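Asker: Numbered per this note's numbering, the sequence shown spans residues -8 to 146.
Glycine included, C-beta positions come from ideal geometry on N, C-alpha and C.
It should be emphasised that the depicted structure is a prediction, and the values quoted were computed from it without experimental measurement.
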Amino acid sequence: MATDKADLSSVIDRSRAGELMPAMTVSDPAGNQLNLAAAQGTPVLLNLWATWCAPCVKEMPQLDDLAAEYGDSLRVITVSQDMGGAEKVEPFFAQMQFEHLEPWIEPKLELGFALESQSLPTTVLYDASGREVWRVVGEYDWSSADVREAIAEAS
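#1: Given this structure, state the Cα-to-Cα distance separating Gly22 from Pro13, to the nearest angstrom.
#2: Smallest Cα separation from Asp63: which of Gly103, Cys47, Val138, Leu36?
#3: Would you report the Cα separation of Ala105 and Trp95, rounded to the nearest angstrom?
#4: Do you know whose CA, among Ala58, Pro46, Thr42, Glu107, lies nearest Gly75's CA?
#5: Verify whether the separation of the beta carbon atoms of Leu25 and Asp19 is less than 9 Å.
#6: Am I right that Thr113 and Tyr131 are in contact with their C-beta atoms under 8 Å? What's the rounded C-beta distance?
#7: In the DSSP output, which residue or residues are listed as bridge partners for Tyr117?
#8: State the Cα-Cα distance for the pair Leu92 and Asp56, rounded to the nearest angstrom.
#9: I'd like the span of the beta strand (DSSP E) that includes Arg66, first residue to last.
#10: By a C-beta neighbour count over all protein chains shown, 10 Å radius and 16 as the cutoff for buried, is Val127 buried or exposed?
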């Protein structure tokens, strides 16, 4: 059953604005590491997702499009919360053929706890200094004009 955009009831939450991005490290399937705190200097849209989460899977192509649209002015970082790590994420990325997203993984699930969110998907926008601007918990329409206005808040 297809979900109508009007059914996407998640809202932008600014109640944690100003909080720092967690200083945590994620890795890709090859073992390369990314310290999230070092991602400062440009706004970051951090998305926690999993292959078993239907709303997450639905959002991923929109996030890939968003990453393409913004290029170097917004870094879109998607971090899988799959306990199977690369074993789950690599085939998913191969099947979906994303052009702009990287397969970051964090199978210990510590990032969700650091963000105080146990729901997926969770997406947090950080400004260039690594401070939270807003977050969305649950499915969201990342192709909407509202998103572009909200992302502009990080500049």
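Answerer: Quick look at the numbers:
#1: Along the sequence shown, one-based indexing puts residue 22 at 31. Along the sequence shown, one-based indexing puts residue 13 at 22. Rounded to the nearest whole angstrom, the C-alpha separation of Gly22 and Pro13 is 20 Å.
#2: Here residue 63 is taken as the residue at index 72 of the sequence shown, counted from 1. Nearest Cα to Asp63 within the set Gly103, Cys47, Val138, Leu36: Leu36.
#3: In the sequence shown, residue 105 corresponds to position 114, counting from 1. In the sequence shown, residue 95 corresponds to position 104, counting from 1. Here the alpha carbon of Ala105 sits roughly 17 Å from the alpha carbon of Trp95.
#4: Numbered from its first residue, the sequence shown carries residue 75 at position 84. From the listed residues Ala58, Pro46, Thr42, Glu107, the smallest Cα separation to Gly75 is found for Thr42.
#5: Counted from its first residue, the sequence shown places residue 25 at position 34. Counted from its first residue, the sequence shown places residue 19 at position 28. Against a cut-off of 9 Å, the Cβ pair of Asp19 and Leu25 comes out as a contact.
#6: As a first step, residue 113 is located in the sequence shown; it is residue number 122 there, counting from the start. As a first step, residue 131 is located in the sequence shown; it is residue number 140 there, counting from the start. Under the criterion of beta carbons closer than 8 Å, Thr113 and Tyr131 do not qualify as touching, at roughly 10 Å.
#7: Within the sequence shown, numbered from 1, the residue matching residue 117 stands at position 126. Paired residues: Val35, Glu123.
#8: Translated into the one-based positions of the sequence shown, residue 92 becomes position 101. Translated into the one-based positions of the sequence shown, residue 56 becomes position 65. Leu92 and Asp56: Cα-Cα distance of roughly 9 Å.
#9: For this step, residue 66 is matched to residue 75 along the sequence shown. First-last of the beta strand (DSSP E) with Arg66: 66 to 71.
#10: If you number the sequence shown from 1, residue 127 lands on position 136. The residue in question, Val127, is buried, as its Cβ has 16 or more Cβ neighbours within 10 Å.
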